[in-house]
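A.B. asks: Here our numbering is used: the first residue of the sequence shown is 598, the next is one more, and so on.
Here it is, the structure, as C-alpha cells.
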Amino acid sequence: MPASYSLFELNEYIRRVLALNFTEPIWVSCEIAQVKEVRGNVYLDLVHHDEKTQDITAQISANIWFKSLLFLKNKLGDLLPSLLKEGTHVLIKVQVEFNERYGLKLIVEDLDPAFTIGQMEMNRQKIIQKLSDEGLIDINKSRKLPTVISRIAVISSAGAAGYVDLENHLATNSYGYAFDISLFQVALQGQNTERDVCNAFDLIQQRHGLYDCVLIIRGGGSKLDLSGFDSYNIGSKISQCLLPVITGIGHDVDNTVADICAYRFLKTPTAVADYIVEHNFIFETRVMEVTYWIVQMCRQILQNNDLQLNQMIQMLKLLPSDILKRNTTTIGYLNQNIFFSVKNIIKHHKEKLSYADNNITILNPKNILKRGYSIVRQDGNIIKKSSDLDYNLMLGIEFFDKEIKINIR
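Here it is as C-alpha cells:
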C-alpha cells in the first residue's frame, strides 16, 4: 500500500508551507467581483482578468474583519464605500491564511486608494483618446441651444440632492420663467450607471423633438463616486445626442468623460439652473432692447410728422388768399375750356347729322326716280338683270309719278 496523507495532514502541511513563505502581509492588486457586509465584517470575492480576453484567470475570497474595517473607515472616510464596490480595481494589503477546514483566504489589513484612482485615470485617458480618435469629442458642442429653453429632459435620480436643488432653483427663479421638466430615472453610481444612462439617452433620442436640451444631474461625490461617468458608451451617447447636453454632476476639479463630450459642463446642479435662467434672461433682454428701440423710433416718427403738420398749418394760415386766387384762376380757365370743348363737340356732331341727312335725301328712291330712273318688278320682286325675268308673268314698271303693267314676249 503506497504512502498516503489524510486530508487534514495535507491541509495542515499546506498551512505550514504558506505560513513559512508568507510571514508578513503582502500587497495584492485585484478587482472586486462581489461585496457583502455581515455583522460588521466585509466579505469579498476577488478576481483577476486576462487583459486581452477579459476571462477570469484567478479568483479568491477575502475578509475585512471589524477591527480592520474600523481602521479603514477612519483612514479613508467617505472614500471607502466608493472603493469597496463591485468592478473596482484595488491594491490591498493582505495576510495570507489557510485553514485546514475552510481553505485559503486573504485577510485584508489595508487599502491604497492611490492605486485605484491611478487605474481609473489611466482608463479615463484611454477612453478620451478613443473618443477623440473617432471624432466624437466635439460633436455635441456643435449643437445649438434654442433661443428660449423651456422643455428640459433631465437624467438623474428623483431622490438625488442635486436633482432637488435643480428643480427648486428653476421653480423659484427671480424672473418667473416656467420650465417643463421630464425626469429620466437612472442609478447615479454603481454597476448600473452606464446601462441606465445609455438607456435614458436612447429614449430621449426617440422623442428629441419634445425637448430643448438634456441635463445630466448628480449631487456631488468623490472622484470614485463619479467614475461611472468615465464611460466610453456614455461619452458616445452624449456626443451623438441630437440635443445639447449640459452636465452638472457636482465636482470642482476633475472633468469626467461625460463632461468632456457634453455641449457645456458646469460644476453643480445649481450652476446648471443659473445657466439656463441666464440664457433665457439674455433673450428677454434683447427683446426688451428691440422693443425700446421700436418705441423710440415710433416716437421720433410721430414727432417729425407732428412738426411737418404744424408747418403746413402755418403755411395755410399765411397763404390762404394766394391759394384761393390760384384756385379761382384755375377754375375759370377750366370753365372756359369746358365751354369751348362742349361747343366744338356740338358743332362737330351737327355737321355729322347734316351730312347723314343729305345722304338719306339723295338715296331716297323717290328722288332717284325723279332723275329718270325706274324700278322693274315681277311678282313683287325687284328685277335687277334680264336673266331674272319670267316671260309668263306680267311685268310692273314704277316711274316717278305712277306704275304700269305690261306683258313681255
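Virtual Cβ for every residue (Gly too), placed ideally from N, Cα, C.
Is A548 buried or exposed, if buried means 16 or more other CB atoms sit within 10 Å of its CB?
C.D. replies: For the chain, the structure presents residues 598 to 1006; residue 548 sits outside this window and is missing.
A.B. asks: Return helix, strand or coil for C838, following the three-state DSSP convention.
C.D. replies: Note: C838 maps to coil in three-state DSSP.
A.B. asks: Going by C-alpha distance, which of D762, H805 and N830 is nearest A750?
C.D. replies: H805
A.B. asks: For L681, tell me which candidate among Q788, E621, V693 and L742 has the shortest Cα-Cα distance.
C.D. replies: Q788
A.B. asks: Below 8 Å between beta carbons: does that hold for L785 and A757?
C.D. replies: yes
A.B. asks: In the DSSP assignment, find the alpha helix (DSSP H) that holds D827 and state where it starts and stops.
C.D. replies: Element bounds for D827: n/a, residue is neither H nor E.
A.B. asks: Under 8 Å between the Cβ atoms of I704 and V691?
C.D. replies: yes
A.B. asks: Who are the near neighbours of I972 in its chain, counting only those whose CB is closer than 8 Å to its CB and skipping five residues on each side?
C.D. replies: P962, L966, I979, I994 and E995
A.B. asks: Return the first residue and the last residue of the alpha helix (DSSP H) that H645 is part of.
C.D. replies: No alpha helix (DSSP H) holds H645; the beta strand (DSSP E) holding it covers N638 to H646.
A.B. asks: Under a three-way DSSP split, which group does E697 fall into?
C.D. replies: Reduced to three states, the DSSP call for E697 is coil.
A.B. asks: If we ignore side chains and look at the alpha-carbon of each, how far apart do D903 and T927 end up?
C.D. replies: 31 Å
A.B. asks: Need the endpoints of the alpha helix (DSSP H) that R567 sits in, please.
C.D. replies: Nothing about residue 567 can be reported from this structure: the residues present for the chain run from 598 to 1006 only.
A.B. asks: Can at least three beta-carbon pairs, one atom from the segment 653-673 and one from the segment 626-642, be found at a separation below 8 Å?
C.D. replies: yes
A.B. asks: Within its chain, find whatever has a CB closer than 6 Å to the CB of I736; leave out the 5 residues flanking it on each side and keep chain order.
C.D. replies: So the qualifying residues of the chain are S836.
A.B. asks: Under DSSP, the alpha helix (DSSP H) around N608 begins and ends at which residues?
C.D. replies: L604 to N618
A.B. asks: Taking the continuous beta strand (DSSP E) assigned at R1007, which residues delimit it?
C.D. replies: With the chain represented from 598 up to 1006, any question about residue 1007 goes unanswered, as that position is not in the structure.
A.B. asks: From the DSSP output, read off the bridge partner residues of C858.
C.D. replies: DSSP, once it has assigned bridges, lists no residue as partnering C858.
A.B. asks: In its own chain, which residues sit with a C-beta less than 7 Å from the C-beta of N877, not counting the 5 before and 5 after it?
C.D. replies: In its chain, beyond the 5 residues on either side, V745, I746 and Y774 have a beta carbon closer than 7 Å to the beta carbon of N877.
A.B. asks: Considering only DSSP beta bridges, list what R781 is partnered with.
C.D. replies: In the sequence on display, residue 781 carries Phe and not Arg. When DSSP reads this structure, F781 sits in a beta bridge with I752.
A.B. asks: According to DSSP, is A655 part of a helix, a strand, or is it coil?
C.D. replies: strand
A.B. asks: Give the C-beta separation of G845 and I814 to the nearest angstrom, bearing in mind that I take them to be a contact with Cβ-Cβ under 8 Å.
C.D. replies: 5 Å
A.B. asks: Alpha carbon to alpha carbon, how far is H645 from C627? Give it in angstroms, no decimals.
C.D. replies: Going from the Cα of C627 to the Cα of H645 covers about 6 Å.
A.B. asks: For G832, which residues of its own chain have a beta-carbon under 6 Å away from its beta-carbon, when the five flanking residues on both sides are left out?
C.D. replies: L728, V854 and C858
A.B. asks: Return the residue from the list Y930, L899, E875 and C895 that minimises the CA-CA distance to L767.
C.D. replies: When only C-alpha atoms are compared, the closest one is E875.
A.B. asks: Alpha carbon to alpha carbon, what distance is there between Q656 and L607?
C.D. replies: 22 Å
A.B. asks: Which residues does DSSP list as the beta-bridge partners of T790?
C.D. replies: None, per the DSSP bridge assignment.
A.B. asks: Hey, how far is the Cα of G977 from the Cα of L990?
C.D. replies: 11 Å
A.B. asks: Less than 8 Å between the beta carbons of L840 and C810, yes or no?
C.D. replies: yes
A.B. asks: Would you mind reading off the limits of the beta strand (DSSP E) that contains I1005?
C.D. replies: That residue, I1005, is in no beta strand (DSSP E); it is neither H nor E in DSSP.
A.B. asks: Using a 10 Å radius around the Cβ and a threshold of 16 neighbouring Cβ atoms, would you call G816 buried or exposed?
C.D. replies: buried
A.B. asks: Which residues mark the beginning and the end of the beta strand (DSSP E) in which K633 is found?
C.D. replies: I623 to V635
A.B. asks: Can you tell me whether I843 is helix, strand or coil according to DSSP?
C.D. replies: The answer is strand: DSSP assigns I843 an E or B state.
A.B. asks: Check whether the Cβ atoms of Y860 and R748 lie closer than 8 Å to each other.
C.D. replies: no
A.B. asks: Residues in the same chain with beta-carbon distance under 8 Å from L666, minus the five sequence neighbours each way, listed in chain order, please.
C.D. replies: Result list for L666: G637, N638 and V639, in chain order.
A.B. asks: Would you kindly work out how many angstroms separate the C-alpha atoms of E648 and I778, rounded to a whole number?
C.D. replies: 43 Å
A.B. asks: Rounded to whole angstroms, how far is the Cβ of V693 from the Cβ of F605, which I believe are closer than 8 Å?
C.D. replies: 20 Å between Cβ atoms; not a contact.
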